[in-house]
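Student: Attaching a single structure in structure tokens format; questions to follow.
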Amino acid sequence: MKRKSEHLIRTGLILVMVAFLAWAYVAGSFQYMLEHPDELLHLIIQHLQLVGLSTLLAVAIALPLGVLVTRPRFRRLEWIVVNFANVGQTVPSLAVLALAMSYLGLGYQTAVFALWFHSLLPILRNTVAGIESVSPDIIDAGKGMGMKPMQVLWKLELPNASYAIIAGIRTATVINVGSAALAFLIGGGGLGDFIFTGISLYDTGIMLAGAVPVTALALLIDWLLGLLEKWIVPKGVQREAELI
Amino acid sequence: MIELKDVTKVYKSEEGDVKAVDGVTMEVGEGEICVFLGPSGCGKTTLLRMINRMIEPTRGTIRVNGQDIQQMDPYQLRRSIGYVIQQTGLFPNMTVEQNVTVVPRLLGWDRVKIKDRYNELMDMMGLNPDEYRDRYPWELSGGQQQRIGVARALAADPPVMLMDEPFAALDPVIRDHLQSELLRIQRTVRKTILFVSHQIDEAIRLGDTIAIFQSGKLMQHGTPDELLSRPANDFVSRFVGSDRHLKRLSLFRVRDLLDGTEKKSAKNVGQIDPQYAVHLDTNLREALSILLSSPTASLHVLDEDQQVVGRINWKDFEKLGAIQSSSDPESLAQ
Numbered sequence: 152m153k154r155k156s157e158h159l160i161r162t163g164l165i166l167v168m169v170a171f172l173a174w175a176y177v178a179g180s181f182q183y184m185l186e187h188p189d190e191l192l193h194l195i196i197q198h199l200q201l202v203g204l205s206t207l208l209a210v211a212i213a214l215p216l217g218v219l220v221t222r223p224r225f226r227r228l229e230w231i232v233v234n235f236a237n238v239g240q241t242v243p244s245l246a247v248l249a250l251a252m253s254y255l256g257l258g259y260q261t262a263v264f265a266l267w268f269h270s271l272l273p274i275l276r277n278t279v280a281g282i283e284s285v286s287p288d289i290i291d292a293g294k295g296m297g298m299k300p301m302q303v304l305w306k307l308e309l310p311n312a313s314y315a316i317i318a319g320i321r322t323a324t325v326i327n328v329g330s331a332a333l334a335f336l337i338g339g340g341g342l343g344d345f346i347f348t349g350i351s352l353y354d355t356g357i358m359l360a361g362a363v364p365v366t367a368l369a370l371l372i373d374w375l376l377g378l379l380e381k382w383i384v385p386k387g388v389q390r391e392a393e394l395i
Numbered sequence: 006m007i008e009l010k011d012v013t014k015v016y017k018s019e020e021g022d023v024k025a026v027d028g029v030t031m032e033v034g035e036g037e038i039c040v041f042l043g044p045s046g047c048g049k050t051t052l053l054r055m056i057n058r059m060i061e062p063t064r065g066t067i068r069v070n071g072q073d074i075q076q077m078d079p080y081q082l083r084r085s086i087g088y089v090i091q092q093t094g095l096f097p098n099m100t101v102e103q104n105v106t107v108v109p110r111l112l113g114w115d116r117v118k119i120k121d122r123y124n125e126l127m128d129m130m131g132l133n134p135d136e137y138r139d140r141y142p143w144e145l146s147g148g149q150q151q152r153i154g155v156a157r158a159l160a161a162d163p164p165v166m167l168m169d170e171p172f173a174a175l176d177p178v179i180r181d182h183l184q185s186e187l188l189r190i191q192r193t194v195r196k197t198i199l200f201v202s203h204q205i206d207e208a209i210r211l212g213d214t215i216a217i218f219q220s221g222k223l224m225q226h227g228t229p230d231e232l233l234s235r236p237a238n239d240f241v242s243r244f245v246g247s248d249r250h251l252k253r254l255s256l257f258r259v260r261d262l263l264d265g266t267e268k269k270s271a272k273n274v275g276q277i278d279p280q281y282a283v284h285l286d287t288n289l290r291e292a293l294s295i296l297l298s299s300p301t302a303s304l305h306v307l308d309e310d311q312q313v314v315g316r317i318n319w320k321d322f323e324k325l326g327a328i329q330s331s332s333d334p335e336s337l338a339q
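Residue numbers (our numbering), protein chains in the order written: chain A, 152 to 395; chain B, 6 to 339.
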């Protein structure tokens, strides 16, 4: 029964994608893309740079922070940190960008900052949830056998939390790909260029010439991160997640 | 091997101080299995966890092999003590082999030694090393998992083992089996084992001595026979059960009732009704049960060669009052 509905949903999604692409074709997007290959490539690279840098910085801060906040000594900080990140997430991307712009000015750095801020929460939340989901019995057994706290972290907590942590990174990155389209508005570049140009000129073709690559990038990156997940998450933990 | 002197653990709470462990003083000899017995909340687990410093005592000293554990590095201490918990605590991110060899790897043994040790331990547990090597804990049954847990605790060959109700979560058939396995292994490895349990039958079966606790205080520490025949107070008496004299029967064997004056009969097992016969080594609880069914209120006794060497009846059981346990409990393991 589950297979059938899965099949139906999958077919439905493919149909939506095909309709989307057909619309783009009819509007002349692919023609536009073919007429401006250098610009397209330039924008794609810019877009990827925005996403890549902001995500890497988000992981660099949120992951260690998530680990820190789950250490017994710092447990009291958890509440403050998580709520701060929660608030950051509720503010819409556009508003974050506007706020960043008014304090940091226009440009690439501002866009990266705004995207970074926006990615923090999914990664932080998932890291904390992942680590807290590790059964205390396992930690107890590890401690009782003579593992030092660092060894417990590296050998037990992180490997068992890795599924949740990577899921958080994956979510944050894919959302970033979409949000990065707004970077154009504050001079950050990226595929938003085509999209907003298309909107101002009332030209659907140009707009979709920006939107289609964004969608394609999002799917591609999601797929690549899925491969990374399979590579990094220990086999014993992977199957466990599948069973759930 | 293990000395406890006035060991106390006090927890501060809103209602005042709670003494989880209250002035426990006792000794456990080398190669001995001592069962910490008692109802929930009596402090037996807290006391156990003080031996490897998972919990630090408020007062008192604990010496393992002559050394005060407070003077030792806690991590070194724990690596020299095997630890088995009720929930098994096998690591899901590691294979069976990786799980079993955790402590040797922490200690930096070389790879060949580790591999050999894994094979050796699995054989000891009655599990095929190659079959289980690359499997993951969630693929195994509860009994298999706990066997691996015990193997893991034995891996670095520690002189002391701490076992916290390791078989309590398993079904009775498996539990019985693992108890037998533990006794069998102990015959070879002769570890000093502290075993926490809340079941009197398990304690009698496994313990060379039993330490029984209530509300953090040590009520009595002695052999199973001592606890059953001479309980120190009402609590112990109630805990071991009003059928303690029946329980005590399982500590003795038929040969303990015979005084050697019986003549070896010319009969062998083929000439008597085998339903109403017992062996010299049958434990007395079982023998009594069979005697209850005998129409003649007596039983034939057979030796190892299936020769009849005597008879026993109700009167012989009266000798029990005077008997001190002569056979060691572990050889009565069935």
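Virtual Cβ for every residue (Gly too), placed ideally from N, Cα, C.
Because the structure is a prediction, the values reported are computed rather than measured.
1) Cβ atoms of B/Val314 and B/Asp321: under 8 Å apart, would you say?
2) In terms of residues, what are the limits of the beta strand (DSSP E) holding B/Ala25?
3) Could you please give me the residues that DSSP links to B/Lys14 through a beta bridge?
4) For a test of the three-state rule: what should DSSP assign to B/His203, helix, strand or coil?
5) Kindly give me the distance between the Cβ atoms of A/Ser313 and A/Ile383, rounded to whole angstroms, as I take these residues to be in contact under 8 Å.
6) Grab me the residues of B/Cys47's own chain with a C-beta within less than 8 Å of its C-beta, minus the 5 sequence neighbours each way, in chain order.
7) Beta carbon of B/Leu340, beta carbon of B/Met31: below 8 Å?
8) Quick one: which residues of the region 87 to 105 of chain B get their C-beta closer than 8 Å to a C-beta of chain A? List them in chain order.
9) Please return the same chain residues whose Cβ sits closer than 7 Å to the Cβ of B/Tyr123, not counting the five positions on each side in sequence.
10) Note down, in chain order, every chain A residue with its Cβ under 9 Å from the Cβ of B/Asn70.
11) Ignoring anything shorter than 4 residues or poking outside the region 118 to 183 of chain B, list the alpha helix (DSSP H) runs there in chain order.
12) Which residues, in chain order, does the region 57 to 68 of chain B contribute to contact with chain A at a C-beta distance below 9 Å?
13) Would you check if there are 3 or more beta carbon pairs closer than 8 Å linking the region 245 to 256 of chain A to the region 298 to 314 of chain A?
14) Would B/Leu111 count as contacting chain A if we go by Cβ distances under 8 Å?
15) Answer yes or no: do B/Val241 and B/Thr287 have a C-beta to C-beta separation smaller than 8 Å?
16) Taking Cβ-Cβ distances shorter than 8 Å, what residues in chain A pair up with B/Tyr80?
17) Could you run through the region 301 to 319 of chain A and flag, in chain order, every residue whose CB is less than 7 Å away from some CB of chain B?
18) Please classify A/Ala262: is it buried, with 16 or more other beta-carbons within 10 angstroms of its beta-carbon, or exposed?
19) So, under 8 Å CB-CB, A/Asn327 and A/Leu257 are touching, yes? Tell me the CB distance rounded to an integer number of Å.
20) For the region 138 to 149 of chain B, which residues have a beta carbon sitting closer than 8 Å to at least one beta carbon of chain A?
21) Compile a chain-ordered list of the residues in the region 165 to 198 of chain A whose CB is closer than 8 Å to at least one CB of chain B.
22) In the DSSP assignment, the beta strand (DSSP E) including B/Ile38 goes from what residue to what residue?
23) At a Cβ threshold of 8 Å, is B/Arg5 touching chain A?
24) Run through chain A and tell me which residues come within less than 7 Å of B/Val107, C-beta to C-beta.
25) Between the Cα of A/Ser270 and the Cα atoms of A/Val220, A/Ser330 and A/Ala360, which residue gives the shortest distance?
26) According to the Cβ coordinates, are B/Phe41 and B/Leu199 closer than 8 Å?
27) State yes or no: is the C-beta of A/Gly349 within less than 8 Å of the C-beta of A/Gly340?
28) Decide if A/Leu375 is buried, meaning its Cβ has at least 16 other Cβ atoms within 10 Å, or exposed.
29) Is there a C-beta anywhere in chain B that falls below 8 Å from the one on A/Ile231?
30) In chain B, which residues lie less than 8 Å from A/Asp288 when you measure between Cβ atoms?
31) At a CB-CB cut-off below 9 Å, which residues of chain A make contact with B/Arg83?
32) Based on Cα-Cα distance, which residue from B/Lys324, B/His226 and B/Gly246 lies nearest to B/Ala237?
33) If you compare alpha carbons, which of B/Gly36, B/Met127, B/Met99 and B/Ile7 is closest to B/Val69?
34) Would A/Thr355 and A/Ala178 be called neighbours here (beta carbons separated by less than 8 Å)?
35) Taking A/Ser403 as part of the alpha helix (DSSP H), name the residues at either end of that continuous run.
36) Could you check which residue in B/Val12, B/Leu53 and B/Arg83 has the C-alpha nearest to that of B/Pro164?
Tutor: Taking the structure as given:
1) no
2) First-last of the beta strand (DSSP E) with B/Ala25: Gly21 to Val33.
3) Beta bridge pairing from DSSP links B/Lys14 with B/Val26.
4) coil
5) 6 Å
6) Cβ neighbours of B/Cys47 beyond the five flanking positions: Phe218, Gln219, Ser220 and Gly221.
7) Because chain B here runs from 6 to 339, residue 340 of chain B falls outside it and cannot be looked at.
8) Tyr88, Ile90, Gln92, Thr93, Gly94, Leu95, Phe96, Pro97, Asn98, Met99 and Thr100
9) Closer than 7 Å at the Cβ level, and outside the excluded window around B/Tyr123, lie Glu102, Val105, Thr106 and Pro134.
10) The premise fails here: B/Asn70 is roughly 16 Å from chain A at the closest Cβ pair, so nothing lies under 9 Å.
11) 134 to 137 and 147 to 159
12) Asn57 and Met59
13) No, the region 245 to 256 of chain A does not touch the region 298 to 314 of chain A.
14) yes
15) No, they are not a contact pair.
16) Listed along the chain, the chain A residues whose CB falls inside 8 Å of the CB of B/Tyr80 are Gly297, Met298 and Lys299.
17) Leu307, Pro310 and Asn311
18) buried
19) With a Cβ gap of about 20 Å, A/Asn327 and A/Leu257 do not count as contacting.
20) Correct list: Tyr141, Pro142 and Trp143.
21) From the region 165 to 198 of chain A, no residue has a Cβ closer than 8 Å to chain B.
22) Ile38 to Leu42
23) A question about residue 5 of chain B goes unanswered here, because the residues of chain B that appear run from 6 up to 339.
24) Met296
25) A/Ser330
26) yes
27) no
28) exposed
29) no
30) Ile90, Gln92, Thr93 and Gly94
31) Within 9 Å Cβ-Cβ: Lys294, Gly295, Met296, Gly297 and Met298.
32) B/His226
33) B/Ile7
34) The beta carbons of A/Thr355 and A/Ala178 sit closer together than 8 Å.
35) The requested residue 403 of chain A does not occur in the structure, where chain A is confined to residues 152 to 395.
36) The residue with the shortest Cα to Cα distance from B/Pro164 is B/Arg83.
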